[in-house]
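> Before anything else, here's the structure in question.
This is the structure:
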């Protein structure tokens, strides 16, 4: 993550330079504007054609590689978590959650689990009721916002597509 953010920062700075400094002007214009020393320095750094310079395209390629690996590594786990409920959690792990509650009631377990399930669904949660354990306890697992993880996947995919467009526009096959 830090690597990708560093690459994005370098690309942003390079893009600012490429926007502020006129690109692909005749060299005599640059010599007149900056002088001989700065002209040679900027030329050596490839700042007169930033978006087609090899260092810019290499950074773009590394960003694509890094983001693609991130998508490849995290997407299956996120999709699996979106679909699953933690219906088989142990009592100890449930007590460790910050959002949990326990109640003792005189209502029958089936009626209570039905009412609680309906209430949770009315509040925007998807709920599942597990089978009673030998003690008669029933676990109701509910979750909301699972599909927010799709935003992560789509955002990272968009970064890859945009950077691929930059690589294609960089005329790599011609270099």
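Numbering (my numbering), first residue to last: 11 to 185. Ideal Cβ placement from N, Cα and C applies to all residues, glycine included.
#1: State the beta-bridge partners of residue 150 as determined by DSSP.
#2: Are there 16 or more other CB atoms within 10 angstroms of the CB of residue 106, so buried, or fewer, so exposed?
#3: Out of 179, 112 and 57, point me to the one whose CA is closest to residue 147's CA.
#4: Suppose the cutoff is 7 Å on Cβ atoms and the five residues either side in sequence are ignored; what does the same chain contact list for residue 72 look like?
#5: From the DSSP output, in three-state form, read off residue 95 for me.
#6: Starting from residue 38, trace the alpha helix (DSSP H) in both directions and tell me its first and last residue.
#7: Between the segment 154-164 and the segment 42-56, can you find at least three pairs of beta-carbon atoms closer than 8 Å?
#8: Would residue 134 and residue 154 qualify as a contact pair, given that the criterion is a beta-carbon distance under 7 Å?
#9: Sort 26, 164, 85 and 128 by Cα distance to residue 58 and report the nearest one.
According to the structure shown:
#1: Your numbering for residue 150 matches position 140 in the chain shown. Beta-bridge pairing links residue 150 to 139.
#2: In the chain shown, residue 106 corresponds to position 96, counting from 1. Counting other Cβ atoms within 10 Å of its Cβ, residue 106 stays below 16 and is therefore classed as exposed.
#3: By one-based count along the chain shown, residue 147 stands at place 137. Comparing Cα positions, the closest option is 112.
#4: Within the chain shown, numbered from 1, the residue matching residue 72 stands at position 62. Closer than 7 Å at Cβ, skipping near neighbours: 17.
#5: Numbered from its first residue, the chain shown carries residue 95 at position 85. In the three-state DSSP reduction, residue 95 falls in the coil class, being neither helix nor strand.
#6: For the purposes of this step, residue 38 is identified with residue 28 of the chain shown, where counting begins at 1. Membership of residue 38 in the alpha helix (DSSP H) is indicated by the continuous run 37-55.
#7: With the cut-off at 8 Å, the segment 42-56 and the segment 154-164 do not touch.
#8: Numbered from 1 along the chain shown, position 124 holds the residue referred to as residue 134. Numbered from 1 along the chain shown, position 144 holds the residue referred to as residue 154. Yes, these two residues count as a Cβ contact at 7 Å.
#9: For the purposes of this step, residue 58 is taken as residue 48 along the chain shown, with counting starting at 1. When only C-alpha atoms are compared, the closest one is 26.
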